[in-house]
Every structure is written in structure tokens, then in C-alpha cells.
Amino acid sequence: EADYNARNLVTSGTGTAFEVWRRGELLGKMSIGVPGRHNVMNSLACVAVGLHLGVSFDQIAAIMPGFGGAKRRFQTKGKARGVWVVDDYGHHPTEVLTTLHGAKSATTGRVVCVFQPHRFSRTQLLAQDFGAAFVPADIVVLTDIYSAGEEPIPGISGETILREVQRQTGQAVVYCPDFNALEECIFPLLRPGDLLITMGAGNIFQTGERIIERLTKNSLEAINMQHKKIGVVMGGPSAEREVSLNTGAAIVNALREKNYNVVGIDLDPPHFVEQLRENGIEVVFNAIHGLFGEDGRLQGALELLGIPYTGSGVLASAIAMDKGISKRLFASADIPTPRYQLLKRDLGMGAGVQQVILDEFEPPFVVKPSTQGSTIGLTIVQEVEELPAALEKAFTYDSEVLVEEFIDGSELTIGILGGKNPEALPVIEIVPYSGVYDYHAKYTKGATEYFVPARISAETARLTKEVAIAAFQTLGCSGVARVDVRLDPSDHPYVLEVNTIPGMTETSLVPKAAAAAGISFPELCERILLMTLER
111 EADYNARNLV TSGTGTAFEV WRRGELLGKM SIGVPGRHNV MNSLACVAVG
161 LHLGVSFDQI AAIMPGFGGA KRRFQTKGKA RGVWVVDDYG HHPTEVLTTL
211 HGAKSATTGR VVCVFQPHRF SRTQLLAQDF GAAFVPADIV VLTDIYSAGE
261 EPIPGISGET ILREVQRQTG QAVVYCPDFN ALEECIFPLL RPGDLLITMG
311 AGNIFQTGER IIERLTKNSL EAINMQHKKI GVVMGGPSAE REVSLNTGAA
361 IVNALREKNY NVVGIDLDPP HFVEQLRENG IEVVFNAIHG LFGEDGRLQG
411 ALELLGIPYT GSGVLASAIA MDKGISKRLF ASADIPTPRY QLLKRDLGMG
461 AGVQQVILDE FEPPFVVKPS TQGSTIGLTI VQEVEELPAA LEKAFTYDSE
511 VLVEEFIDGS ELTIGILGGK NPEALPVIEI VPYSGVYDYH AKYTKGATEY
561 FVPARISAET ARLTKEVAIA AFQTLGCSGV ARVDVRLDPS DHPYVLEVNT
611 IPGMTETSLV PKAAAAAGIS FPELCERILL MTLER
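Pasting the structure below:
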């Protein structure tokens, strides 16, 4: 039996605590700043030398916790986004196995080992020994051999070790022979809580350094999304085509500023699948307003194709687009919404239909298509004589028309971000100079004044955000939406509708609210994009 031994080892994070015994006598407790039994054994040698030179055990025990290991021996390169990146010089099978055991004891998360074999001759000689050297690792990534000036040996490469590992242990191994592409192989494998350890005697440490540098600047989700081809789908055949093209162009520019691989696609419905395939699209950022993009059809096609997309799903999009169904759901959830009637085109627009409306509503009241956005086809009827023209205008855009009580108070809108735990952005107050926030007031520069935050009390703002979030959740929305609200003369909020594809130019309402919350337009677009990972 050895003169010195360690007992009752406890690993916690980057350190190890243990008892030191000499010839059956307990000298005391000690801790070191590195994990692994092999490092504990090394520390026992330090104890033996120190005692031989006359240094007391207490002095040795006091100084050892400050030792964080030698360079390239389980050296922490950094921690970012929940990933701990470590480098180790180990390149012999025994070193690799021992170090990985230490790594496993140091974390409750997964161990991701990235190994660079050293020299062709050593790989050939020790190939079988490497077969079981990676057992403690949860994920193994192999790259090709660091030659150290040695000439290649035919048939010997990183794949030699790959075959042995698969033969002996059956472990899943990712083989990335191109050293320069190693980071792109690694990032999709990582998740928060992982310990990533680069191992080898060559230049593999550079990979860990680059990974920690990128993680410091971006989230794992953003880095992985930057590897995908993103299609911003815009335009299409709806009445809101021009608005959609402006939204899409702004999103493309913003995502490119954030280093995403993005292309704009002008929606051609009969050839949509071909458009996606020709461009190699892996994720869709939906910028289609109105028909196809906002009514669930685009979402349904993407669900069938298995392509992730931004915004709300099929059902929520279809419901939000239909103002009549939305209002029935608001009422069932006790969300305040103006009184309304729905009219079908086949009932006509004669005197009888008009009288039904006038029996329920006194001017002013609102007439608008049931499934259009951007206030297209909307009229605020101020006089009874205006009703026939208002109905004719609304029925031009839809077979169903919504007649709604006019709430005479401040007009507000609230941007909502998120899924299960949505966040309301600052409330925006809308003051059109014409008195009506119609298509012209929305899209004509200088026609409307906006106040962010709105000129309302803190309590009214709180209540307004509450009903906006309730409306968002009642319809099952996700990603981003804009909830339009009006206040009555007593400052009680009434929900008008939910827009699941709000305008997204830098001067649009949701970006204005985001800017007031300290979120830049490129950051907003990125947040919406990354929410596709939560679906």
C-alpha cells in the first residue's frame, strides 16, 4: 500500500476536496482547484515533497486551493451562455480516459469531447486503445490528425479512431475531418449546461477559444440559426401587398445586419413550395399581411413541409384574421370588446338590412370587412346617410362585414412578444390628424402623431397591457402580435382586434414600442426569429 493516499473525494464544479492519509494516519482535509482523481494523485506527491522539506501540512493545505492547474491541463477557457469550455493537452488513450472521468465528475451536465489525434504513427499504433477511451463523454467529435510534421500514412486518419470507437462501444461519434469547419459541426450539438472539452497536443485549443469568443457575443440559438437559410416571405396577392413588401425588405436588411443568411421571397402561392426548395429555405420569417400570410394558409403549408416559421400557428392566425370569431372568443373570456353585428353579403345591403344596423347602433359606429387588415375598407359612419356607401366599400373586400360600436376615446396599440409568458411592450397612443386612423393615416408620412409611451396613467397602462395579453393568449397567439385597443371616456380599455403579422418597418408601431423598451429594430427581428425555436 502507498505511503500517501486520498479518501472521501468530493468534486464540486472545478474543484475537488478530499482527505489526506499517511501510513494510516489522517493528516487532514485538502482541496484543489481542478477536478479528477489524477490531479488528486498529483497533489499527494506535492504533500509528500512539502513535508519532506519541512513545510507543515496546514501550510500545504492552505495554499493548494489556489492551484488551478497547469496550462493546457483541464484549463478553463471560459464560460458563456451556460456552456463551460475547457482545454486539455491529453492525447494518449489513458490520458483521455482519465481526463474525461474527471470532466464527468466536475459537472452535472453533458460532457462534449472534441478530440484531435496527434501524429499518424501514434494513431496507427494506439487505434485499438482509443476505442474505449471516450466512454465517459456524452458526445464525441473527432477531427483529422495533427501531423506535427509527420508524413501521412495511407489509410490512417481520424476515421481510424472513429471506426474503433463504434466497434468497441457503439458510441455516437461526429466526424468532422475539416479542422476549419469544426466550429460549425460543434455548435448545433451544444446546449446550456454542457462542458465542452477540447483535447489533443496540436492546435485544437484554438477551436475552444473561438467557440467561447462567439458564445460571448451571441446565444447558442442565434449562432445555430445563423447557419440556416432564412426566407423572408413577403408581398403576395393580398390588398396589403405594398405594405408587406416594405415590411419584408426592412426585415431582410435587419437580419443581414445581424449576420443571418437571409433571402427575400415574393410569395407566388401556386409555386410557393418550389420557391422554398429553389432557395434552400430552412426557416421562414412571415412578412405577409392579409390574405395567405395572416389567415393560416401559409402556416398550414409550412407545417406540412416541416419548416419552422415566425409568428402564430395555423389556428391562431385563422381566428385572429376573422374579427367575428375573435370577438366571440373575447366575450367568452370576459375581455371587454365593443358591441358588434356580423352581416353576410348574401343578405344584401337594402333598407331592411340597414334598419337592423340602425336599430342596434347610433352614429358614430364602425363598418369594416371581417377579414382585412391595415384598416382596409373601414369607415366610421358619422351620419345615417353614409351607411350604404360604407357597406358597399366593406363588401368590396370581404363577403362578411363587421358593424361595431364606436368607442369614443383614446386609440392605443400594444405590441406583444413571446409564447407561454408573453411580454407587453410600452403602450402607443395613436392620434391621426384627420380624426380617423384609416389606411391613409397609417401609411402617409406626417398624417398621424404617435406617443410612446401613451399619455395615460400608470394604472390605465397596466390594465391595457393586461387585456392585450389576455387577448393574445385567448386566441392562442405566439411570436409577435399587435393588439388594438380603445379607451372609453372613463379610461376602460376595449380590445378591437389582434394583428398577428404587424407592420415591421423601422417606423411601424411594434418597432416603435420596442425602441421605447430599448430593443433596436435588428434585435427585435432577431428575437422574433429565435422564437421559432420555442414552437
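Letter by letter, the sequence shown follows residues 111 to 645 in the numbering used here.
Idealized CB from N, CA, C, for every residue including glycine.
Here the region 332-344 makes contact with the region 287-304; the two share three or more CB pairs at distances below 8 Å. Only residues of its own chain outside the window of five on either side were considered, and among them V206, T209 and M309 have a CB closer than 7 Å to the CB of G200, listed in chain order. When the beta-carbon positions are compared, I638 and F402 stay at least 9 Å from each other. Following the DSSP letters along the chain, one finds A411 inside the alpha helix (DSSP H) bounded by residues R407 to L415.
In this model, S141 and A172 are separated by some 9 Å (Cα to Cα). Taken in chain order, the unbroken stretches of beta strand (DSSP E) that lie wholly in the region 172-226 and span 3 residues or more are 185-190, 193-198 and 221-225. Within the region 422-489, the complete alpha helix (DSSP H) segments of 4 residues or longer fall at 424-431, 433-442 and 461-470, listed in chain order. Straight through space, the alpha carbons of N609 and H399 are spaced by roughly 9 Å. L163 and V157 have their C-alpha atoms roughly 10 Å apart.
In terms of Cβ geometry, V593 and A581 form a close pair [threshold 9 Å].
Restricting attention to P145, V250, T270 and E269, the CA atom closest to the CA of S215 is found in P145.
L512 is a Cβ neighbour of Y450, given a cutoff of 9 Å. With a cutoff of 9 Å on beta-carbon distance, A500 and P536 are scored as not near each other. V362 and S520 have their alpha carbons spaced roughly 34 Å apart. Distance from the Cα of E261 is smallest, within the candidate group T253, S231, V283 and C286, for S231.
Around the C-beta of N149, 16 or more other C-beta atoms lie within 10 Å, and the residue is accordingly described as buried.
Residue burial annotation: P175 is exposed, with fewer than 16 other C-beta atoms found within 10 angstroms of its C-beta. Annotation: V120 to Y114 spans about 18 Å, alpha carbon to alpha carbon. Shown here, K139 sits in a strand according to DSSP, grouped into three states. When secondary structure is reduced to three states using DSSP, P632 falls in the helix class.
CA-CA distance, A112 to T253, rounds to 40 Å.
Partner residues in the beta bridge of N115, as assigned by DSSP, are W131.
When beta bridges are read from the DSSP output, I524 appears opposite V593.
Following the DSSP letters along the chain, one finds V157 inside the alpha helix (DSSP H) bounded by residues R147 to H162. Between D508 and T485 a beta carbon distance of about 13 Å is seen, past the 8 Å cut, so the two are scored as non-contacting. Bridge pairing for F395: V342 [DSSP].
Judged by their CB atoms, S427 and G421 are nearer to each other than the 9 Å cut-off. Bridge partners of L306 according to DSSP: V195 and V222. For D376, the enclosing beta strand (DSSP E) stretches over residues N371 to D376. Three or more beta-carbon pairs separated by less than 8 Å link the region 620-634 to the region 362-374, which places the two stretches in contact. Judged by DSSP secondary structure, N290 falls outside any beta strand (DSSP E); it is assigned neither H nor E. For the pair C587 and F471, the Cα-to-Cα distance works out to about 31 Å. Assigned with DSSP and collapsed to three states, N313 falls in coil, not helix or strand. Across the structure, L330 and R301 are spaced so that their CA atoms are roughly 7 Å apart. Per DSSP, L585 lies in no beta strand (DSSP E) segment and is marked neither H nor E.
Between I307 and C223, the alpha-carbon positions lie close to 5 Å from each other.
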